[in-house]
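**Student:** So the sequence shown is numbered by our numbering: it starts at 772 and just counts up by one. The structure is given below, and queries will be raised subsequently.
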Amino acid sequence: MSGKMYATCVWPGLTDLWWRGRLSALPYAIAFGGVLNLYLIAQFVYPEWLPKSVNQLIFWVGSPIWLLFIFRDIKLLPSTVNDEQSLSTEDLFNDALAHTLRKQYVEAEGLLTDMLAIEPRDPPALLLLAGLYRTTNRYDAANLLLREMRRLEVADRWWLEIQAEERRIAAQVGDKPVAEKIAL
Numbered sequence: 772m773s774g775k776m777y778a779t780c781v782w783p784g785l786t787d788l789w790w791r792g793r794l795s796a797l798p799y800a801i802a803f804g805g806v807l808n809l810y811l812i813a814q815f816v817y818p819e820w821l822p823k824s825v826n827q828l829i830f831w832v833g834s835p836i837w838l839l840f841i842f843r844d845i846k847l848l849p850s851t852v853n854d855e856q857s858l859s860t861e862d863l864f865n866d867a868l869a870h871t872l873r874k875q876y877v878e879a880e881g882l883l884t885d886m887l888a889i890e891p892r893d894p895p896a897l898l899l900l901a902g903l904y905r906t907t908n909r910y911d912a913a914n915l916l917l918r919e920m921r922r923l924e925v926a927d928r929w930w931l932e933i934q935a936e937e938r939r940i941a942a943q944v945g946d947k948p949v950a951e952k953i954a955l
């Protein structure tokens, strides 16, 4: 792994944002930027703005926390960037899809749960699992999974597929889709 990759570890939250696209790390990055800017402005631009003791407190409390984040991100970087892990989830998804098409639902469900153990917020895997639940007449589990999927920010681009799956479930059960119930 290149030394340049470790540069993202210096800014807390940037590693997950940059390499995995996780928006849940954005508050850490923003908070770090805010505290850093507050310290720098109070130290060098407007030294009379904050008492010197407050500025020293920010430095002596913030520095160890910053170092802890750096060491944590350095430790987790190989697993965050590891291409083999993303390739293995691709392979698991393709195998699960093949098992689903062959109507080997138990094997497909096992592969999908293995894949979701690696990346629990993967929209294609969640949709395939919801479709598998629908196919095996587990409508409550499918609806629950789709409802939870609507709450994920990574699933925002998949709203059309989520609605289509809800309609398929509703057609089999003879009920109104969840999206129509929400609109009422």
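Yeah, the Cβ is synthetic: ideal placement off N, Cα and C, and Gly gets one too. Nothing here was measured: the structure is a model prediction, and the numbers come from that model.
Hey, out of I801, P798 and P783, whose CA is closest to S834's CA?
**Tutor:** P783
**Student:** Does DSSP put R843 in a helix, a strand or coil?
**Tutor:** In the three-state reduction of the DSSP assignment, R843 falls in the helix class.
**Student:** Taking the alpha carbon of L821 as the reference point, which residue from L809, V832 and W831 has its own alpha carbon closest?
**Tutor:** L809
**Student:** Quick one: residues in its chain with C-beta nearer than 6 Å to the C-beta of D787, no 5 flanking neighbours on either side, listed in chain order?
**Tutor:** R793 and A796
**Student:** I need the straight-line Cα distance from F864 to Q943, nearest angstrom please.
**Tutor:** Going by C-alpha positions, F864 is about 26 Å away from Q943.
**Student:** Which stretch, first to last residue, makes up the alpha helix (DSSP H) that contains R928?
**Tutor:** Counting along the chain, R928 falls outside any alpha helix (DSSP H), and DSSP gives it neither H nor E.
**Student:** Could you say which of A935, L887, R843 and D927 lies nearest to D983 if we only look at CA atoms?
**Tutor:** Residue numbering for the chain in the displayed model covers 772 to 955; residue 983 lies beyond these limits and cannot be assessed.
**Student:** Pick helix, strand or coil for L883, following the three-state DSSP scheme.
**Tutor:** Helix.
**Student:** Got a sec? Which residues, its chain only, sit under 8 Å from V806 by beta carbon, not counting five neighbours each side?
**Tutor:** I829 and G833
**Student:** Taking the alpha-carbon positions, what's the L785 to L811 distance?
**Tutor:** Their Cα atoms are separated by approximately 20 Å.
**Student:** Taking all protein chains shown into account, decide if R905 is buried (16 or more other Cβ within 10 angstroms of its Cβ) or exposed.
**Tutor:** buried
**Student:** For D927, count neighbouring C-beta atoms within 10 Å of its own C-beta (all shown protein chains included) and say buried if the count is 16 or more, exposed if not.
**Tutor:** So D927 ends up on the exposed side.
**Student:** If the criterion is Cβ atoms closer than 7 Å, does the pair L882 and D893 meet it?
**Tutor:** no
**Student:** Give every residue of the same chain whose Cβ lies closer than 8 Å to the Cβ of I841, excluding the five residues on either side of it in the sequence, and list them in chain order.
**Tutor:** C780, V781 and P783
**Student:** Using only alpha-carbon positions, find the residue among M920, E878, N908 and L923 that is nearest to A941.
**Tutor:** Here the closest residue by C-alpha is N908.
**Student:** Could you give the residue range of the alpha helix (DSSP H) that holds F815?
**Tutor:** For F815, there is no enclosing alpha helix (DSSP H), as DSSP marks it with neither H nor E.
**Student:** By how many angstroms is the C-alpha of L923 removed from the C-alpha of T871?
**Tutor:** For T871 and L923, the distance between alpha carbons rounds to 24 Å.
**Student:** State the Cα-Cα distance for the pair V925 and L915, rounded to the nearest angstrom.
**Tutor:** 17 Å
**Student:** Reducing DSSP to helix, strand and coil, say where E890 ends up.
**Tutor:** Note: E890 maps to coil in three-state DSSP.
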